[in-house]
Each structure stands twice: as C-alpha cells, then as structure tokens.
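Quick note, the working numbering runs 42 ahead of the 1-based positions in the sequence shown.
Think of the CB as a built atom: it goes at the ideal place given N, C-alpha and C, for glycine as much as any other residue.
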Amino acid sequence: MVHLPTIISISILLNLIIGAFLLSLYFLRKQSSYLYWGSSCLIFVLAQITASLRLFIDLPFITHYIADLLIISAPLAAILGIHAYTQSEKQKLKLCAYLLGSSAIILLPLYSNSINQLITTAVIAACFSYAAYALRKLNVEHIIHLVLLQLCFVLHACIMLLQLGLLVIDGLNIFTFDFSQILAIILLSHIVITTLTAMIWPLLMFLESEQILSDLANRDPLTGLLNRRAFLTISNNYLEQANNNLTELCALMIDIDFFKKVNDQYGHDTGDEALKWVANKIKSQLREGDLIARIGGEEFAVLLTNTSLQKGQILSERIRVAINSETFIHQQHEIKLSISVGIITHKSGSNNINELLAQADKGLYKAKSNGRNQVVMMAF
Numbered sequence: 043m044v045h046l047p048t049i050i051s052i053s054i055l056l057n058l059i060i061g062a063f064l065l066s067l068y069f070l071r072k073q074s075s076y077l078y079w080g081s082s083c084l085i086f087v088l089a090q091i092t093a094s095l096r097l098f099i100d101l102p103f104i105t106h107y108i109a110d111l112l113i114i115s116a117p118l119a120a121i122l123g124i125h126a127y128t129q130s131e132k133q134k135l136k137l138c139a140y141l142l143g144s145s146a147i148i149l150l151p152l153y154s155n156s157i158n159q160l161i162t163t164a165v166i167a168a169c170f171s172y173a174a175y176a177l178r179k180l181n182v183e184h185i186i187h188l189v190l191l192q193l194c195f196v197l198h199a200c201i202m203l204l205q206l207g208l209l210v211i212d213g214l215n216i217f218t219f220d221f222s223q224i225l226a227i228i229l230l231s232h233i234v235i236t237t238l239t240a241m242i243w244p245l246l247m248f249l250e251s252e253q254i255l256s257d258l259a260n261r262d263p264l265t266g267l268l269n270r271r272a273f274l275t276i277s278n279n280y281l282e283q284a285n286n287n288l289t290e291l292c293a294l295m296i297d298i299d300f301f302k303k304v305n306d307q308y309g310h311d312t313g314d315e316a317l318k319w320v321a322n323k324i325k326s327q328l329r330e331g332d333l334i335a336r337i338g339g340e341e342f343a344v345l346l347t348n349t350s351l352q353k354g355q356i357l358s359e360r361i362r363v364a365i366n367s368e369t370f371i372h373q374q375h376e377i378k379l380s381i382s383v384g385i386i387t388h389k390s391g392s393n394n395i396n397e398l399l400a401q402a403d404k405g406l407y408k409a410k411s412n413g414r415n416q417v418v419m420m421a422f
C-alpha cells in the first residue's frame with residue numbers, strides 16, 4: 043500500500059511550486075487565469091494541511107469545516123481560471139461566491155456530523171463536472187492537452203460520485219462491508235488527479251501562449267493565412283527541396299479585381315469580410331502541403347508543391363471559378379467578386395523564391411491588362 047502521508051507531502055510540495063509559478067506568471071503577464079489557477083493550487087495546499095491536522099488536534103471547526111470550505115474553493119478557483127481565459131470570469135464570480143457562501147451556511151451546523159462529507163463530496167463532484175463542460179468552450183490549438191485536462195476533471199467527478207455513493211451506503215448500513223480501505227484509495231486518487239490537473243493547465247497555457255506569439259509573427263491577423271515573411275521563409279525551403287529532388291512546383295500571384303471599389307462602395311468592414319471570404323475560397327481548393335499567404339492588401343501568393351504547369355493551370359482555373367461562380371453576401375449586400383492570377387512553373391536551378399514570384403507577378407499584370415478575371419501562365 044502506498045504511504046498516504048508521503049503522497050500528501052509530495053502533493054503539497056508540488057502544488058506549492060506550481061501555485062507559486064502560476065502566480066509569478068500572473069504578476070509578469072497580468073493574465074488573470076494564472077491568478078485563479080495559482081490560487082486554486084495554494085488553496086488545495088491549505089485544504090490538505092488543515093485536513094491533515096485531524097491527526098494532531100481536536101478542533102473540528104478547523105480540521106473539518108474550514109478544510110471542507112477550502113476543498114470546495116479549490117475547484118471553484120479553477121473554474122474561474124477557465125472562464126478568465128475567455129475573459130468571462132466576472133459573469134461567473136457571483137455564482138461561485140454564492141455557491142461557496144451557501145456551502146458555508148449549510149455546513150456550519152453540520153461540520154461535526156458525518157453528513158458534512160456527503161455535502162462536500164456532492165459539491166466537488168458538481169464543480170468538476172462543470173469544469174469539464176466549461177473547457178469545451180475554449181478555443182485552443184493544442185487539442186490533446188485540452189482533452190487530457192477534460193479527462194482529469196471527468197475522472198475526478200466520477201471518483202467523487204463513487205465516494206458519495208459509498209458514503210451513502212455506509213451511512214445507511216446497507217452492507218456490513220468496511221469501506222475505509224476503498225475511501226483511502228479514493229482520497230489518494232483525489233490528491234493525485236488534482237496535482238496532475240494543476241500540472242497540465244500551465245503546460246496548456248504555455249503552449250497556447252507560444253502559439254499566439256508564433257501566429258503574431260507569422261500569420262496575417264485578418265485572414266489567418268501566412269504573412270509575407272513566413273511565406274518567403276517556408277517557400278525557400280520548399281524550393282530547395284524541389285531542386286534536390288528534381289521536382290516541379292508552381293507559384294501563383296492572385297489579386298482581387300476592383301477591390302478598391304468594394305471598400306469605397308460598401309466600407310472597409312465589408313472589404314475585410316470579402317478578403318476572408320476569398321482567402322477561404324482559395325484555401326478550400328488547395329491540397330495538403332500547398333502554401334498560401336496574404337502578402338499585400340488584396341494580394342495572395344500560393345506555392346503548389348510537386349506540380350507541373352499544366353496541373354497548376356487547372357488548379358488556378360478551379361480557384362478562379364470557385365470565386366467567380368458564387369456571390370459574396372455581407373450585411374444584405376450581394377457582391378460579385380473575381381480574381382486575376384499569374385502562374386509560373388519552376389523545374390530546377392534557382393533557389394530564390396522572390397525571382398519566381400516576380401515572374402508570376404508579371405503574369406498577374408498581364409491578366410489584369412487583358413481584362414481581369416483570368417489566369418495567365420508565364421515561362422521562367
């Protein structure tokens with residue numbers, strides 16, 4: 043059997059370290075989710091300490107009543123941390139305060155009675171169930187870590203419900219079985235899962251912060267596509283691989299026809315939505331491994347890997363038709379959009395993507411000069 047005091051000591055130490063780390067991140071970044079989750083860890087530490095004092099002192103008000111309120115407060119703080127990530131914690135703050143206050147009032151006359159453990163367990167199970175539900179609304183890139191966090195909360199809720207059932211059975215004396223060993227295992231599981239949950243959250247937040255910083259550096263904030271700098275960096279790597287493997291690739295320069303008229307006639311908000319619509323239309327026609335970027339106001343660049351000029355022309359025409367055959371609708375405005383495309387193929391030789399794009403841009407210029415809404419091929 044695992045030595046429970048050792049597990050509790052390790053849990054206290056880990057939660058102290060994690061809590062202090064999260065609070066330091068809060069003071070550094072002023073992101074309130076770190077404040078709530080750091081507080082949750084430290085509250086859980088206090089809960090373990092006050093509950094452990096039952097072995098040394100006979101003060102049920104502290105070792106039972108205060109400990110139970112702290113145990114309830116820890117998941118409530120975690121729930122506020124989840125909502126703080128989406129900046130909606132103020133809406134839930136009163137509800138959490140009401141739940142904690144109600145628990146304090148209900149438990150006050152019962153803390154010396156075994157029924158207090160039933161109430162505390164039921165409240166905690168409800169909190170963990172809600173936390174798992176609240177995580178569904180988080181929009182994060184690292185889904186695996188989010189699912190792990192959800193599983194921790196769901197598992198925790200199930201364990202608390204199991205404990206609740208055993209306490210009810212034990213209290214009603216339905217069976218003569220001694221549940222103390224099982225309840226000890228449940229307590230151990232509660233401590234371990236809480237600590238594991240506290241470790242996964244900062245990891246998820248760190249990965250998301252890194253993703254946000256990467257997106258700010260490499261993504262166009264309006265369309266979510268690569269920006270010019272990131273496109274050139276990645277494209278040069280693709281070009282080098284194509285030269286090494288003696289494979290073809292195509293570069294496309296795409297421009298929305300008469301886009302200035304859209305902005306002037308319908309406003310910049312409609313223009314922004316039109317840009318996103320066109321970006322999604324282009325992206326939907328591309329294959330996995332192809333690159334797309336917004337490199338100017340209404341200008342897009344595409345790199346088609348392992349693609350001949352003939353295949354590149356077919357795909358370019360498919361993109362043009364996809365945009366021109368549908369009507370962009372925004373705020374009851376129906377707007378017909380079209381694009382002009384310049385395309386260039388590259389077989390081997392140059393390692394400079396700028397040269398390739400310059401040739402594709404010449405094709406784009408010809409497409410516009412010839413009346414727009416067409417694809418023009420260029421020879422390198």
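| Query | Result |
| --- | --- |
| Spatially closest choice to K323 from A293, R362, D306, E290, by CA coordinates | R362 |
| Distance between beta carbons of L191 and L137, contact taken as under 8 Å | Not confirmed; about 21 Å, so no contact. |
| Residues that F370 bridges to, as DSSP identifies them | I377 |
| Element boundaries [alpha helix (DSSP H), containing I161] | 157-177 |
| Alpha carbon of I161 to alpha carbon of M241, nearest angstrom | 27 Å |
| Per DSSP, cross-strand counterpart(s) of M419 | I385 |
| Residues sharing a beta bridge with F342, DSSP | I296, R336 |
| Limits of the unbroken alpha helix (DSSP H) element including S82 | 74-94 |
| Identity of the residue in F195, L101, E340, Q205 nearest T237 by Cα | F195 |
| Own chain, CB closer than 8 Å to V210, minus 5 neighbours either side, in chain order | L160 |
| The stretch 108-115 touching the stretch 154-173, judged by at least three CB pairs closer than 8 Å | yes |
| Option in L291, C83, Q416, K408 with minimal Cα separation from I235 | C83 |
| The stretch 63-75 touching the stretch 86-101, judged by at least three CB pairs closer than 8 Å | no |
| Nonlocal neighbours in the same chain, by C-beta distance under 6 Å from L376, ignoring five residues either side | Here residue 376 is Glu; the residue named in the question, Leu, does not match the sequence. So the qualifying residues of the chain are T369. |
| Selection from T275, L267, C292 that minimises the alpha carbon distance to W319 | L267 |
| Of the listed residues A62, H232, R178, nearest to H198 (C-alpha basis) | H232 |
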